[in-house]
Amino acid sequence: MQPNISFIDEPQKLLNALPEIEAMPIWAVDTETTGLDPFESEVILLQVGSPLKQYIIDCRKVAVEPLRSILEGDKPKILHNAKFDYKMISHHFKINLENMVDTMLIEQVLMNGKMKSGFGLKDLAPRYLGIEVDKSERFSFLAHKGDFSLSQLEYAARDIISTYLLAMEQLPRLHKEALEDTARLECLTVSSFGDIELNGFYLDQRRWLTIVEEAKKKRDAARIALDQAFEAVHQKDLFGAVEINYDSDQQLKAALHRLELPVEDTSRNTLIKIKHPAIDRIFEYREQQKIVTTYGEAFLEWVKKYDGRLHPDFHQLGAESGRVSCTRPNLQNIPSDSDFRACFTAPPGRKLITADYSGCELRILAELSRDPTFIDTFRNNRDLHSIVATQMYHKPVSKKENKELRDKAKIINFGLAYGMGPGALAITLNATAKDAEALLKGYFKTFPKIKEYLENSAREALERGYSQTMGGRKRYFVVPKEDDRAARGAIERQAKNMPIQGTNADMIKLALVFVRREINHRQLDVKMVNTVHDEVVVESAEAQVDEVAAMVRDKMIEAGEYFLRTIPVDVECTIADHWSK
66 MQPNISFIDE
76 PQKLLNALPE
86 IEAMPIWAVD
96 TETTGLDPFE
106 SEVILLQVGS
116 PLKQYIIDCR
126 KVAVEPLRSI
136 LEGDKPKILH
146 NAKFDYKMIS
156 HHFKINLENM
166 VDTMLIEQVL
176 MNGKMKSGFG
186 LKDLAPRYLG
196 IEVDKSERFS
206 FLAHKGDFSL
216 SQLEYAARDI
226 ISTYLLAMEQ
236 LPRLHKEALE
246 DTARLECLTV
256 SSFGDIELNG
266 FYLDQRRWLT
276 IVEEAKKKRD
286 AARIALDQAF
296 EAVHQKDLFG
306 AVEINYDSDQ
316 QLKAALHRLE
326 LPVEDTSRNT
336 LIKIKHPAID
346 RIFEYREQQK
356 IVTTYGEAFL
366 EWVKKYDGRL
376 HPDFHQLGAE
386 SGRVSCTRPN
396 LQNIPSDSDF
406 RACFTAPPGR
416 KLITADYSGC
426 ELRILAELSR
436 DPTFIDTFRN
446 NRDLHSIVAT
456 QMYHKPVSKK
466 ENKELRDKAK
476 IINFGLAYGM
486 GPGALAITLN
496 ATAKDAEALL
506 KGYFKTFPKI
516 KEYLENSARE
526 ALERGYSQTM
536 GGRKRYFVVP
546 KEDDRAARGA
556 IERQAKNMPI
566 QGTNADMIKL
576 ALVFVRREIN
586 HRQLDVKMVN
596 TVHDEVVVES
606 AEAQVDEVAA
616 MVRDKMIEAG
626 EYFLRTIPVD
636 VECTIADHWS
646 K
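If you're matching positions, the sequence shown starts at 66 in this note's numbering and goes up one per residue.
Laid out in structure tokens, this is it:
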């Protein structure tokens, strides 16, 4: 389809075009920018339209404010990789796109488990529309100055046409696969993640470096202790130090062999089975080295100089369960019990609210399995791990009495929610495979409904070719032949976990939608600044922090109750000067 372009390079042209644009029932929207970072690049073109007509606005010459009611209105706007355009338009024009339809996310929902890449417009246009989309022209917009060429305008218009037509092809497929609700949730969540990334998370860099320096000292001390463990069996350099690179699997493996500790590799799962002082020192060294390499000075390079905040990149479908991942940098792997979390702070006059679902995945497991003990425990707000251990071991267990048994029950509870089998359980408990198998057997004998649910989940995935969350999200599998037991076993393990973890992902995304809507509705002085699986972190003006905390808790519970109809939803909120849990 050939472009039909109306190029708008004067304010009056936009005003003249408004009635035609407003009359359209649905628009495709796109931008051309001088870079990828909304804080460091410029929006130079804004495109709206349909396959029949494309309006391309020169943003250097024309203010886009007259389009506010259209872009923020209820009519659908179709975009590809909508978060990018949302952030650009929001940051530069203070206009928030609403009711977006993201063809990239839709394709990821449709192909979840079938494909891991190939979701760009240049990939999908040939697949769905039979047309090639040449994206090389986009590089001409980088650092662009002066007038636009015809080829640039046609490129911008074709992106609008392709995105619109792609959506029209995808929507019937969503209906056929009963994935409309999942796609709608993903599209609604785009603006929440866009806001989180634009808002950023403030970081106390001085405090961060102090923690890293302390980790360096502990790492160096651990290295010296390791040298002492190996000095009798390994050569030394001219200064008397042992010449082993402890970060090299090959060198460490050879050194362990000289200590008469023959190992196939130096993974934690292998070393944890060995009783020797050197092994404990290896673990200590690795723990501190990981802190230094993961959270060292390189991490601080992501802090923006203009506001002292981290502006990460969240990937809404970072895992096939529907879970979110985070990069540049990863704010989801900051340990909840580490000092690093205390480095994420609120500016003066503001507070941070950390709100997280309590026992979310176990509550989902209770809802799905209908196990009477789990249901009764959550309904009466009792300690699930203690009750499970008490029934398994036939003796009183609590957080104080026979605590080691409670710890084992806790590992099994969460392990089952993550699809853990006897092999992984043995490693986690530092037990033999036989003991781990006996523990699981005893667990399932005590809680047959849990066993029944997990086995049904595995069987149905092999029969149907997909697993499904409570919200309808699907994770597809390529089911192997019956004689390929290893591959089928892998699918069974994933199928046991996916409905639980995936429902958790659906729940937190819906919570982000509800919280954002309420912030905007009440016009609160609040910023959403982070989310971690079952946790939402917001920054609030101190004067209204109690009201905001109550609102966040209420909205998260409302989102949880959309999925959990039998099990009560519980959200714990903490108000502090720093990120806490």
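Glycine is no exception: its CB is placed at the ideal position from the N, C-alpha and C atoms.
Residue range of the alpha helix (DSSP H) that includes residue i
i    : result
F509 : 498-511
C408 : Run containing C408: none; DSSP gives neither H nor E here.
T631 : Careful: T631 lies outside any alpha helix (DSSP H) and carries neither H nor E.
A128 : Run containing A128: none; DSSP gives neither H nor E here.
T99  : It is not in any alpha helix (DSSP H) - T99 carries neither H nor E in the DSSP assignment.
V453 : 449-458
S434 : 425-434
G383 : It is not in any alpha helix (DSSP H) - G383 carries neither H nor E in the DSSP assignment.
G488 : 487-494
S588 : Correcting the residue identity first, residue 588 is Gln in this sequence and not Ser. No alpha helix (DSSP H) contains Q588, which DSSP labels as neither H nor E.
D372 : First-last for D372: undefined, no H or E at that position.
Test item: CB-CB of residue i and residue j under 8 Å
i    : j    : result
F628 : M572 : yes
E604 : L375 : no
G536 : T568 : yes
L481 : L519 : yes
L244 : Y193 : no
P412 : Y267 : yes
V636 : M621 : yes
S386 : M593 : no
L365 : W273 : yes
W92  : K152 : no
V94  : L162 : yes
A523 : K561 : yes
D378 : R388 : no
Q119 : N69  : yes
M563 : G507 : no
A526 : E557 : yes
A606 : G361 : no
K241 : Q353 : no
I226 : P116 : yes
S645 : R406 : yes
I121 : A190 : no
E251 : Q77  : no
C408 : D599 : no
M165 : A147 : yes
T656 : V597 : Missing from the structure shown is residue 656; the chain here goes from 66 to 646 and no further.
A287 : C638 : no
A624 : L575 : yes
Extent of the continuous beta strand (DSSP E) to which residue i belongs
i    : result
K181 : Counting along the chain, K181 falls outside any beta strand (DSSP E), and DSSP gives it neither H nor E.
K416 : 415-422
E637 : 636-641
V166 : 165-167
M593 : 591-596
Q112 : 108-114
I70  : 70-73
E653 : Within the shown structure, residues of the chain are numbered from 66 to 646, placing residue 653 beyond reach of any answer.
S645 : No beta strand (DSSP E) holds S645; DSSP gives it neither H nor E.
S463 : Note, S463: premise wrong, no beta strand (DSSP E); not H, not E.
S401 : Unbroken run through S401: none, as it is neither H nor E.
Cβ-Cβ separation, residue j to residue i (assumed contact under 8 Å), whole Å
i    : j    : result
I356 : A280 : 4 Å
L207 : T99  : 6 Å
E202 : S216 : 6 Å
I154 : T96  : 7 Å
H450 : N495 : At roughly 19 Å, the Cβ-Cβ gap does not stay under 8 Å, so H450 and N495 are not in contact.
Heavy atom of the ligand ATP within 7 Å of residue i beta-carbon
i    : result
L239 : In the structure on display, the ligand ATP does not appear, and there are no ligands present to speak of.
Top-ranked residue by Cα proximity to residue i, from the options
i    : options                : result
V211 : H240, F204, K126, G138 : Sequence inspection shows Gly at residue 211; the Val mentioned does not correspond to that position. Closest by alpha carbon: K126.
D123 : N177, A190, S214, K187 : S214
A248 : V174, N310, E278, H209 : V174
A474 : I492, Y483, A147, V453 : V453
I160 : G185, K464, G259, E426 : G259
G265 : H156, L470, S134       : H156
R428 : S205, V368, I632, A498 : I632
T410 : V602, G178, E612       : V602
G114 : L324, K370, K340, I86  : I86
H341 : A287, N334, L324       : L324
Any chain C beta carbon closer than 8 Å to residue i
i    : result
Q456 : Absent from the structure: chain C. Only one protein chain is present.
Item to complete: Note down, one range per segment and in chain order, each alpha helix (DSSP H) of at least 4 residues found wholly within the stretch 197-263.
Response: 215-241
Discussion item. Extract the residue ranges of the beta strand (DSSP E) inside the stretch 516-555, only unbroken runs of 3 or more that lie entirely within it.
Written reply: 531-533, 539-541
Practice prompt. Note down, one range per segment and in chain order, each alpha helix (DSSP H) of at least 4 residues found wholly within the stretch 266-347.
Written response: 270-295, 314-323, 333-336
Item to complete: With a floor of 4 residues, list each alpha helix (DSSP H) that falls wholly inside the stretch 135-173, ordered by position along the chain.
Response: 147-158
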